[in-house]
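Here the structure comes first, spelled out in structure tokens, and everything after it is commentary.
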Amino acid sequence: MRLPCPPGTLRNPFRRAPLTLAEPAPRTGIRQRGNSASPGNRMSSILAMPSDTGAEQNTLLREGETVWRREQAGRAALLLDGASYYGALREALLAARRTVFIIGWDIDSRTRLVGESGAATDGAPETLGEFLAYLVSRREALDIYLLPWDYSILFLPERELMPMVALGWNTPDRVHVCLDSTAPVVSSHHQKLVTIDDSLAFCGGLDLTIRRWDTADHACDCPARVDPNGDAYGPYHDLEMIVDGDAARALADVARARWSAATDEKAAPAAGLGEARDIPWPDSVRPDFHNVTIGIARTQPESVDGPGVHEVERLYLEAIAEAGRTIYIENQFLQCDAIAAALADRAASQPGLEIVILSNQESGGWLEERTMGIGRRRFISILQESPGAERIRVLRSVVADGDGLKEVHIHSKLQIVDDRLLRIGSSNLNRRSMGLDTECDIAIEAETEEDRGRIVEIRDALIAHHLGVPAEDLTGAIARHGSVIAAIDATSGGRRTVAPIDPTYPAPILGEDFEVSIADAADPRTPPTHAALSAALELQRPQQSKGLPIRLIVFALTAVAMAMLWYFTPISEIANVETLEPYFEQIASSGWAPVAIPLVFAAASIVFFPVTILIALTGMTLGPIMGFLCATAGCLGSAALAFAAGVLMGEKGLRRIMGRRLNRMSQSAAEKGVLSIVGLRLLPVAPFTAVNLIAGASHVRFGDFMIGTVLGMMPGIVLMTALGDRLREVWHNPSVENVILLGALAVAWLAAAVALQYLVSKYRKSD
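Using the working numbering, the first residue of the sequence shown is number 190, and each one after it goes up by one.
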């Protein structure tokens with residue numbers, strides 16, 4: 190990985206206010222449709238503003254409102270589930286000649302990029318990292334740009350712990366890697382794009398990471414559905430769209446803008462291929478659509494670089510408001526009240542409208558259940574209050590597993606409205622996707638009778654897929670009953686089927702109002718204001734103090750966001766107190782704790798292991814006095830180790846990993862010394878190890894760094910070690926009383942941190 194890229198020019202899209210049921214056999218799809226003609230329209234210069242397409246005034250896809258751009262695709266197809274997508278993508282990448290962009294929430298070099306068979310048959314390596322290295326070794330003119338969200342690496346040990354080594358240092362120079370840190374605090378980069386030679390693009394819900402691959406069968410006992418450790422995971426459903434032509438070129442513009450924003454470098458366009466280029470459309474994929482208009486809708490959070498972009502939300506609401514007969518939705522999360530209200534209102538005002546939603550009931554853990562689950566329960570309650578509630582179904586996909594049913598995890602993000610709109614992308618039906626995270630969806634609005642018929646076929650094929658019946662059986666049932674819902678009821682009940690999501694699950698434990706407020710805090714629509722965060726950290730010129738309430742809110746929101754990242758992923762399976770506690774108890778009983786514990790802290794810091802967990806375990810197993818001494822020694826020792834690593838790496842080396850955020854944080858650390866280190870410890874805008882590396886690379890005096898670390902870490906160390914026995918009780922017996930106690934401890938920690946930050950701020954002003 191080498192960040193410097195060839196210079197280029199582009200229009201930055203962030204600066205402005207089929208179903209291929211892909212089977213192993215060649216030419217997959219529902220049915221053969223026409224020739225695979227090249228697109229007939231030439232894309233305008235990327236420096237130009239969106240052109241007036243002359244579209245009808247009542248189109249759903251309006252540039253500057255519901256979509257960023259409308260562009261033509263000579264071919265488009267929907268890919269069903271990970272095996273179909275990975276197989277098609279592998280085939281397309283083998284044909285790449287100049288430029289590949291891979292943009293994702295996560296990118297894992299261990300991902301097995303294989304199709305339906307579960308194995309590669311083309312002679313190239315199977316795992317993503319080795320496969321990308323193989324690609325550039327075959328073509329001297331090929332550059333590959335990888336841009337995962339950086340906090341997905343720093344906070345989620347489920348992912349590769351050393352991504353820059355696996356994706357960057359272990360690959361040739363023409364595989365460029367940057368961890369994108371440009372998202373505002375508590376937001377994420379959630380777009381999932383792959384573009385190839387500005388000629389072909391994939392957009393949808395799938396990242397190139399582990400635990401995503403599955404076949405359309407979603408069998409409970411699929412031997413190929415395992416992660417790199419050999420651990421099996423459950424059935425997993427997702428969707429992806431592939432497009433070519435000008436639409437692919439526009440998605441490449443989105444990717445280039447992201448790369449430019451993250452690296453301050455510009456990647457050159459795939460020039461030199463000629464206008465009449467041999468587009469690398471995968472032979473195994475049969476197009477669902479020919480010569481269609483593709484709308485590109487984005488979410489971009491508000492930041493110092495400009496206002497937010499909310500095309501994703503506007504397109505959802507506009508499409509719902511125009512629905513006449515049916516709305517079919519697949520989505521991982523159901524939390525956005527505005528979407529629920531729009532669906533309820535349209536069902537009430539449009540007699541005969543049927544709404545079918547497929548989502549998940551099972552959650553990834555207790556906290557996700559108490560947050561996302563509570564949000565889903567409220568979403569469903571809004572639908573139930575509609576006068577048209579009898580024409581709304583909220584379902585989950587299940588498959589027989591012995592005598593019971595196993596839920597198929599729905600990760601897709603799909604909306605089909607009547608025979609008019611087909612939309613797929615990265616956005617969930619939660620508030621984050623409407624304003625906080627970066628998202629990218631693409632949509633097809635039917636312009637011909639053939640397109641209308643194809644959209645209906647895709648809808649029926651998807652519903653039939655979850656019912657485990659042939660698509661023609663469902664289509665026939667719809668014709669007989671005159672109702673999609675009645676047809677679902679008539680064809681369900683097999684070994685593969687759908688079932689209602691329990692609208693009362695999960696039942697409130699700590700009180701309805703309290704849990705709803707927690708769910709809202711876990712799913713914000715907008716990030717904390719940049720001014721508030723900058724004032725707290727002095728990352729820009731100090732502004733007039735907003736007072737303690739603002740600092741309290743910012744700190745609380747950040748803490749909630751960190752908790753969400755912990756519980757929404759399998760991080761707890763790796764960084765798990767229950768798993769690690771016996772080892773700490775053995776250390777405590779061995780008499781070697783004063784030596785062993787600091788060594789554990791130092792080793793853990795190398796892989797960005799959460800230091801808070803180590804402090805808690807030390808307090809739980811060693812008691813207040815020895816726990817405090819060992820935790821303090823561990824924190825200071827690991828901090829000094831990472832500081833030294835930062836000194837050796839220097840700003841240039843570290844910038845390759847952290848991107849532009851390093852510039853702001855290192856400037857503050859270098860100018861303010863002790864005070865900035867204290868601020869960075871108190872407001873966790875970066876992980877413990879990252880702050881240590883930045884301080885070392887920024888030439889902060891070592892003495893100032895250590896003093897700032899002691900002051901900033903002290904509130905947490907004191908509380909977690911002094912109350913170690915109570916933490917153990919809360920962990921092993923999570924009753925309502927103990928959960929309340931844990932909340933009280935968190936408030937005490939928060940109060941101590943805010944008080945210390947207040948004192949630091951007063952000292953800074955007097956200085």
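Where is the CB? At the ideal position from N, CA and C, for every residue including glycine.
Query: One or two residues paired with Lys595 in a DSSP bridge; Result: Val588
Query: Expected contact under 8 Å - CB spacing of Ala831 and Thr810 to nearest Å; Result: Between Thr810 and Ala831 the Cβ distance is about 24 Å, and since that is not below 8 Å, they are no contact.
Query: Paired residues, beta bridge with Cys629 - DSSP; Result: Arg487
Query: Secondary structure, alpha helix (DSSP H): runs of 4+ residues fully inside the segment 615 to 683; Result: 638 to 656, 660 to 670 and 673 to 680
Query: Beta-carbon proximity list for Leu302, same chain, < 6 Å, skipping 5 on both sides; Result: Tyr275, Arg279, Leu317 and Phe320
Query: Status (buried if at least 16 other CB within 10 Å, exposed otherwise) for Pro496; Result: exposed
Query: Outcome for Ala150 when other beta-carbon atoms lying within 10 angstroms are tallied against a minimum of 16; Result: The structure shown has nothing for residue 150, since the chain only spans 190 to 956.
Query: Close-in-space but distant-in-sequence residues of the same chain around Pro361 (CB under 8 Å, 5 per side omitted); Result: Ala322, Val325 and Ser326
Query: Beta-carbon proximity of Pro490 to Pro337, cut-off 8 Å; Result: no
Query: With 16 other Cβ atoms within 10 Å as the buried cut-off, status of Trp781; Result: exposed
Query: Three-state secondary structure assigned by DSSP to Phe790; Result: helix
Query: The segment 614 to 622 in contact with the segment 577 to 595 per 3-pair CB rule at 8 Å; Result: no
Query: Beta-carbon separation (whole angstroms), Ile677 vs Val687, contact threshold 8 Å; Result: 7 Å
Query: Spatially closest choice to Thr664 from His655, Ser681 and Glu646, by CA coordinates; Result: Glu646
Query: Neighbour-count burial assignment, Glu727, 16 or more Cβ in a 10 Å radius; Result: Below a pLDDT of 50, predicted positions are generally treated as unreliable, and Glu727, at 40, falls in that range; the measurement from the model is reported next regardless. Classification of Glu727: buried, given that the 10 Å Cβ count is 16 or more.
Query: Cys819 (DSSP reduced to helix, strand or coil); Result: helix
Query: Minimum C-alpha distance to Ala313 - residue among Pro476, Leu282 and Ile483; Result: Leu282
Query: First through last residue of the beta strand (DSSP E) which encompasses Ala262; Result: Arg258 to Leu269
Query: Residue nearest to Ala834 in terms of C-alpha spacing, selected from His598, Leu523, Thr807 and Ala879; Result: Ala879
Query: Near the ligand FAD: Lys381 beta-carbon under 7 Å from a heavy atom; Result: The model depicted lacks the ligand FAD and carries no ligand whatsoever.
Query: Rounded straight-line distance, which links the Cα of Glu254 to that of Ala156; Result: The requested residue 156 does not occur in the structure, where the chain is confined to residues 190 to 956.
Query: Helix, strand or coil at Thr482 according to DSSP, with G and I counted as helix; Result: strand
Query: Residues near Gly577 by beta carbon distance below 6 Å, same chain, minus five either side; Result: Ala536 and Ala537
Query: Extent of the continuous beta strand (DSSP E) to which Ile516 belongs; Result: Thr515 to Asn520
Query: Candidates Val889, Phe894 and Asp339: closest to Ser827 by CA position; Result: Phe894
Query: Secondary structure of Gly495, DSSP reduced to three states; Result: strand
Query: 8 Å Cβ cutoff, Leu663 in contact with chain C; Result: The structure shown has no chain C; it contains just one protein chain.
Query: Own chain, CB closer than 6 Å to Gly307, minus 5 neighbours either side, in chain order; Result: Ala413
Query: Supposed contact pair Ala405 and Asp608 - C-beta distance, whole angstroms, cut 8 Å; Result: About 24 Å separates the two Cβ atoms, so there is no contact after all.
Query: Beta-ladder partner(s) of Trp338, from DSSP; Result: Asp369
Query: Exposure of Gln969, with buried meaning 16 or more beta-carbon neighbours within 10 Å; Result: Nothing about residue 969 can be reported from this structure: the residues present for the chain run from 190 to 956 only.
Query: Closest Cα partner of Arg259 within the set Pro417, Asp435 and Asp387; Result: Asp435
Query: Residue(s) in a DSSP beta bridge with Tyr425; Result: His598
Query: Stretch-stretch touch, CB-based, cutoff 8 Å, three pairs: the segment 630 to 644 with the segment 478 to 486; Result: yes
Query: Presumed contact (8 Å Cβ cut-off) between Ala533 and Leu572, rounded CB distance; Result: 5 Å
Query: Between the CA atoms of Ala444 and Leu356 - distance to the nearest angstrom; Result: 18 Å
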